[in-house]
Amino acid sequence: MFLNETQEEVRATTRSFVNAVVRPAAEALDREERFPTEIYDEMGKLGLFGIAVPEELGGPGFDTLTYAVVMEELSRGYASVADQCGLVELISTLLVRHGTPEQQKMLPDVMSMKRKVAYCITEPEAGTDVSGIRTTAVRDGEGWVLNGGKIWIHNAPVADTGFVLARTDKEAGNRGMSIFIVDLHAKGVERGPKEHKMGQRASQVGALDFQDVRLGPDALLGDMNRGFHMMMSVLDKGRVGIASLAVGIAQAGLEAAVDYAGTRKQFGKHISEFQGVQWLLADMAKDIEAARLLVYSAAMKIDRGLDATRACSMAKCFAGDIAVARTADAVQVFGGSGYIRGFEVERLYRDAKITQIYEGTNQIQRMIIARELLRKGATA
Amino acid sequence: MKILVPVKRVFDYNVRVRVRSDGSGVELANVKMSMNPFDEIALEEAVRLKEKGVATEIVAVSIGVPQAKDTLRTVLAMGADRAILVHATDDVQQDIEPLAVAKILAKIVEAENPQLVIAGKQAIDNDMNATGQMLAAALGWGQGTYASALEVSEGAALVTREIDGGLQTLRLKLPAVVTTDLRLNQPRYVALPAIMKAKKKPLEEVALATLGVDIQPRLTVLSTVEPPKRQAGVKLHSVDDLISKLKNEAGVL
Numbered sequence: 001m002f003l004n005e006t007q008e009e010v011r012a013t014t015r016s017f018v019n020a021v022v023r024p025a026a027e028a029l030d031r032e033e034r035f036p037t038e039i040y041d042e043m044g045k046l047g048l049f050g051i052a053v054p055e056e057l058g059g060p061g062f063d064t065l066t067y068a069v070v071m072e073e074l075s076r077g078y079a080s081v082a083d084q085c086g087l088v089e090l091i092s093t094l095l096v097r098h099g100t101p102e103q104q105k106m107l108p109d110v111m112s113m114k115r116k117v118a119y120c121i122t123e124p125e126a127g128t129d130v131s132g133i134r135t136t137a138v139r140d141g142e143g144w145v146l147n148g149g150k151i152w153i154h155n156a157p158v159a160d161t162g163f164v165l166a167r168t169d170k171e172a173g174n175r176g177m178s179i180f181i182v183d184l185h186a187k188g189v190e191r192g193p194k195e196h197k198m199g200q201r202a203s204q205v206g207a208l209d210f211q212d213v214r215l216g217p218d219a220l221l222g223d224m225n226r227g228f229h230m231m232m233s234v235l236d237k238g239r240v241g242i243a244s245l246a247v248g249i250a251q252a253g254l255e256a257a258v259d260y261a262g263t264r265k266q267f268g269k270h271i272s273e274f275q276g277v278q279w280l281l282a283d284m285a286k287d288i289e290a291a292r293l294l295v296y297s298a299a300m301k302i303d304r305g306l307d308a309t310r311a312c313s314m315a316k317c318f319a320g321d322i323a324v325a326r327t328a329d330a331v332q333v334f335g336g337s338g339y340i341r342g343f344e345v346e347r348l349y350r351d352a353k354i355t356q357i358y359e360g361t362n363q364i365q366r367m368i369i370a371r372e373l374l375r376k377g378a379t380a
Numbered sequence: 001m002k003i004l005v006p007v008k009r010v011f012d013y014n015v016r017v018r019v020r021s022d023g024s025g026v027e028l029a030n031v032k033m034s035m036n037p038f039d040e041i042a043l044e045e046a047v048r049l050k051e052k053g054v055a056t057e058i059v060a061v062s063i064g065v066p067q068a069k070d071t072l073r074t075v076l077a078m079g080a081d082r083a084i085l086v087h088a089t090d091d092v093q094q095d096i097e098p099l100a101v102a103k104i105l106a107k108i109v110e111a112e113n114p115q116l117v118i119a120g121k122q123a124i125d126n127d128m129n130a131t132g133q134m135l136a137a138a139l140g141w142g143q144g145t146y147a148s149a150l151e152v153s154e155g156a157a158l159v160t161r162e163i164d165g166g167l168q169t170l171r172l173k174l175p176a177v178v179t180t181d182l183r184l185n186q187p188r189y190v191a192l193p194a195i196m197k198a199k200k201k202p203l204e205e206v207a208l209a210t211l212g213v214d215i216q217p218r219l220t221v222l223s224t225v226e227p228p229k230r231q232a233g234v235k236l237h238s239v240d241d242l243i244s245k246l247k248n249e250a251g252v253l
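Protein chains in written order, with the UniProt record's numbering: chain A, 1 to 380; chain B, 1 to 253.
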């Protein structure tokens with residue numbers, strides 16, 4: 001109803017790919033914590049990375065709403081796969097907006113996953129509070145020398161190129177950080193071991209250490225000392241992406257629960273005939289639909305150039321919270337089976353948890369919503 | 001060489017089909033609709049022939065309600081060069097019978113002059129399995145139905161068909177009509193950039209009246225019923241029970 005013909009077609013196409021290729025692979029990928037190169041190669045060919053990259057730069061040039069639709073469908077198959085799409089979207093958005101023509105030449109390889117990327121912000125002392133970063137890039141002739149370390153970096157164990165936030169002016173606070181494009185195979189880059197996570201286990205996460213890494217003059221992305229602002233400028237879209245991802249996880253849980261309730265028999269009838277189970281299913285469905293509509297509303301605000309900050313935070317916060325709550329309900333519908341490895345809902349519940357944490361914790365989202373309310377008034 | 005691919009908009013194969021309360025057919029209003037899967041195989045085969053350099057142009061045609069344009073957009077994204085919608089009705093519930101479809105397609109063939117028509121062997125809505133055959137008859141062309149392999153070269157098509165005893169290979173002189181079986185190929189997924197590019201490809205609308213074909217139904221549907229519910233199985237206690245059931249109830253011994 002909210003989607004136009006093209007967006008519906010994108011949804012249908014993504015869904016048929018996900019049903020055939022992604023969803024059946026999710027259980028093994030989770031168990032083996034494996035980076036699914038073969039799926040990403042295929043997605044690269046189908047144009048499922050870099051959804052909003054304009055046609056003149058080799059992308060499909062879709063809007064944010066279409067991106068949200070793709071993210072939900074991918075996540076319905078497997079959240080780790082969707083999160084890879086979200087990461088590439090973020091990096092390609094930065095390159096499209098701030099990259100020089102020379103830097104933008106890497107876009108086709110980024111979108112085909114020939115070049116794997118990482119977005120390197122978080123440090124031990126700088127999580128939610130980015131201003132605490134200690135990684136530094138110091139001028140050295142034409143280029144820079146990079147020193148410091150990053151943790152919890154998505155793709156760190158496998159990435160070729162890092163987009164690294166580093167301090168370039170110690171005194172200037174948020175106006176003293178810049179983003180550098182760093183070859184992660186270069187001398188002085190060390191990778192920490194792969195972390196073993198609760199969920200989204202096909203996503204490879206780890207630490208990066210930089211020791212006197214020499215950066216050339218073309219390593220700087222965008223303007224000097226504007227790194228924090230560039231990062232903030234893609235936050236809204238990132239939140240829409242993670243909100244959609246959360247909706248996709250919850251949607252997969254709902255589908256599994258409805259299916260199971262209609263087949264599982266106790267006391268001589270399907271458990272779907274018990275009102276207690278029906279209420280679980282109904283609550284799941286209405287929360288998921290509400291979250292989806294918040295996502296669409298936030299995405300449409302971005303596409304129309306409206307102030308989207310509050311809408312994006314509301315979508316991300318609500319979708320993350322209900323993804324956890326409603327996949328817990330899906331486990332409940334499955335009973336003991338839902339607690340067993342190998343049942344989809346057990347994985348979905350684990351995969352959902354991080355959506356309350358990454359891309360800004362849901363506590364931060366609430367702070368943003370409240371700040372916006374108090375600054376701009378309660379009237380929508 | 002030009003290839004014509006007819007496609008039908010049918011209820012999506014994932015949809016749970018409901019019989020209309022008056023028994024006249026199945027409910028099609030407010031139901032998710034998609035391209036007939038056999039037609040998707042036909043289109044994929046045509047695209048592969050074009051990729052091999054055998055075909056130069058693929059024209060897709062659909063007959064029915066204006067909403068079939070959505071199906072044709074998908075067809076264009078999958079690789080057809082042009083699409084034609086024959087606007088035959090506004091009633092989503094109306095099924096146009098194979099004979100009328102074959103006559104309309106024959107008119108399109110006259111105008112387009114393709115060397116090959118590749119069609120799905122049947123549509124998954126009513127499983128008639130007749131349009132391709134009727135079209136070949138109407139045109140006086142050769143036909144290769146249930147193709148599980150297709151090779152096209154200099155003026156001829158080699159069609160492999162799955163028959164009861166094994167595989168049969170026919171050599172058809174072109175022009176000809178080929179209908180596709182399930183195992184002919186695995187249709188590709190549409191690439192997202194292709195969806196955007198398909199918007200710029202030509203989609204022509206033709207009014208039924210200009211073709212002069214009568215689509216009045218000649219068949220009458222007497223009733224449509226749901227298949228009987230599957231009975232639960234029973235556990236037997238002895239081999240004797242089993243033999244007695246097989247003899248007296250199943251009648252297979």
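The beta carbon of each residue, even a glycine, is placed where N, CA and C say it ideally should be.
For A/L221, the residue or residues it bridges with in DSSP = A/I179
Cβ of B/Q93 within 8 angstroms of Cβ of B/L28?
-> yes
Paired residues, beta bridge with B/A176 - DSSP | B/L116, B/G142
Is there a Cβ from chain B that is less than 8 angstroms from the Cβ of A/F17?
-> yes
Run down chain B in chain order and give the residues with a C-beta less than 8 angstroms from the C-beta of A/E5.
-> D70, R73
Would the beta-carbon of A/S112 fall within 8 angstroms of that of A/G173?
-> no
Roughly how many angstroms lie between the CA atoms of B/V239 and A/A256, to the nearest whole one?
-> 39 angstroms
Go ahead and pull the three-state DSSP assignment for B/S238.
-> coil
With 8 angstroms set as the bound, which would you pick, yes or no: does the beta-carbon of B/M128 sit closer than that to a beta-carbon of chain A?
-> no
Check distances from the C-beta atoms of the stretch 57-71 of chain A to those of chain B and list, in chain order, the residues that come in under 9 angstroms.
-> G58, G59, P60, G61, F62, T66, V70
Chain B within 8 angstroms of A/G335, Cβ atoms only = no
Do you know how far the Cα of A/L48 is from the Cα of A/N147?
-> 34 angstroms
Whose C-beta lies closer than 8 angstroms to the C-beta of A/V247 among residues of the same chain, with five residues either side of it excluded?
-> E72, S75, I288, A291, R292, V295, A319, A323
Compute the Euclidean distance between the alpha carbons of B/S34 and B/A77, then round it to the nearest angstrom.
-> 14 angstroms
Whole angstroms is fine: what's the gap from A/G61's alpha carbon to B/M196's?
-> 8 angstroms
Who are the neighbours of B/M196 on chain A, taking C-beta pairs under 8 angstroms?
-> T6, E55, P60, G61, F62
Please look up how many angstroms separate the CB atoms of B/L203 and B/L43, rounded, as I've assumed it's under 8 angstroms.
-> Between B/L43 and B/L203 the Cβ distance is about 15 angstroms, and since that is not below 8 angstroms, they are no contact.
Among B/A106, B/D127, B/E151, B/Q122, nearest to B/A138 - alpha-carbon criterion = B/A106
Going along the stretch 175-200 of chain B in order, which residues come within less than 8 angstroms of chain A, judged by CB to CB distance?
-> Y189, V190, A191, L192, P193, A194, I195, M196, K199
Do A/V117 and A/I91 have their C-beta atoms closer together than 8 angstroms?
-> yes
Count the other C-beta atoms from every protein chain shown that fall within 10 angstroms of the C-beta of A/T168, then say buried if there are 16 or more, exposed otherwise.
-> buried
Taking just the CA atoms, how far does A/I181 sit from A/E42?
-> 26 angstroms
Under the rule that 16 or more other beta-carbon atoms within 10 Å means buried, what is A/I354, buried or exposed?
-> buried
Beta-carbon proximity list for B/E45, same chain, < 7 angstroms, skipping 5 on both sides = I118, L150, T180, L184, N185
Spell out a yes or no on whether the stretch 50-66 of chain B and the stretch 3-12 of chain B are touching, meaning 3 or more CB-CB pairs, one atom from each, closer than 8 angstroms.
-> yes
Would you kindly check if the distance between the Cβ of A/L65 and the Cβ of A/M300 is under 8 angstroms?
-> yes
Return yes when the Cβ of A/L254 is within less than 8 angstroms of the Cβ of A/Q332, no when it is not.
-> no
Thinking C-beta only, is A/G192 closer than 8 angstroms to A/A202?
-> no
Check whether the stretch 202-216 of chain B touches the stretch 21-31 of chain A, taking contact to mean three or more Cβ pairs, one atom from each stretch, closer than 8 angstroms.
-> no
Alpha carbon to alpha carbon, what distance is there between A/Q278 and B/G166?
-> 51 angstroms
If you check the beta carbons only, do B/A157 and B/L174 fall under 8 angstroms apart?
-> yes
How is the alpha helix (DSSP H) around A/K197 delimited, first residue to last?
-> Note, A/K197: premise wrong, no alpha helix (DSSP H); not H, not E.
With C-beta atoms as the reference, is B/K200 less than 8 angstroms away from B/R82?
-> no
Taking Cβ to Cβ, would you say A/A352 is nearer than 8 angstroms to A/T379?
-> no
Looking only at C-alpha atoms, which of A/V110, A/K197, A/K170, A/G143 sits nearest to A/T161?
-> A/V110
Hey, A/V53 and A/G59 are a contact pair by Cβ (cut 8 angstroms); roughly how many whole angstroms apart?
-> 3 angstroms
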